[in-house]
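Each residue of the sequence shown is one higher than the one before, starting from 48 at the first, in my numbering.
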Amino acid sequence: MNTLADKIALCHVDDVGERETKGFLAGSEGQDLLFLVKIEGELYGWKNSCPHIDGAPMAWKKDAYINSEKTHLTCFAHGALFEPETGLCVQGPCLGKKLEPVTVYVDELGRVFMCDLENKNKES
């Protein structure tokens, strides 16, 4: 059972603009561990790791996970393009592969949380 205790607060739903991205939880190397994208008011969470090279970060600068047309998520290192809603690679060296999703929750106050993956893995 998911409780507020096993979720990590990320932001408020209004902190991510429409067709914009925002990264969170910087790791030891300073790279965001995950990012959110908002499409038609819906938030989607993805790990910041291109499937072309495991662990390769996607953004070329902070919060830059979407192309200039704001149509696709982009791995700027490899030129791969991903559907923002599904994470499916539609162009580039990892064609047909998918980004790894991160489950996010929005509460009645508009606060955005993700499941604490460490606690979830311990329960399994």
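Note that CB positions come from ideal geometry on N, CA and C, so glycine has one too.
Quick caveat: nothing in here was measured; it's all calculated off a predicted structure.
Checklist entry - What whole-angstrom Cβ distance do G92 and P148 have, given they're in contact under 8 angstroms? => result Position 45 of the sequence shown, counted from the first residue, corresponds to residue 92. Position 101 of the sequence shown, counted from the first residue, corresponds to residue 148. Distance from G92 to P148 at the Cβ level is roughly 6 angstroms; contact confirmed, criterion being Cβ atoms closer than 8 angstroms.
Item to check | T150 burial status per 10 Å Cβ neighbour count (16 or more: buried) | outcome: Locating residue 150 in the sequence shown gives position 103, where the first residue counts as 1. Flag for T150 reads exposed.
Checklist entry - Under the rule that 16 or more other beta-carbon atoms within 10 Å means buried, what is I172, buried or exposed? => result This structure cannot speak to residue 172, because the chain is shown only from 48 to 171.
Next on the checklist: Can you list, in chain order, the residues of its chain with a C-beta nearer than 7 angstroms to that of L135? Leave out the 5 residues immediately preceding and following it.
Outcome noted: Here residue 135 refers to the residue found at position 88 when the sequence shown is read from its first residue. Cβ neighbours of L135 beyond the five flanking positions: F129, K145.
Next on the checklist: Tell me the residue span of the beta strand (DSSP E) that contains D79.
Outcome noted: The residue you call residue 79 lines up with position 32 of the sequence shown. D79: member of the beta strand (DSSP E) spanning 79–86, first to last residue.
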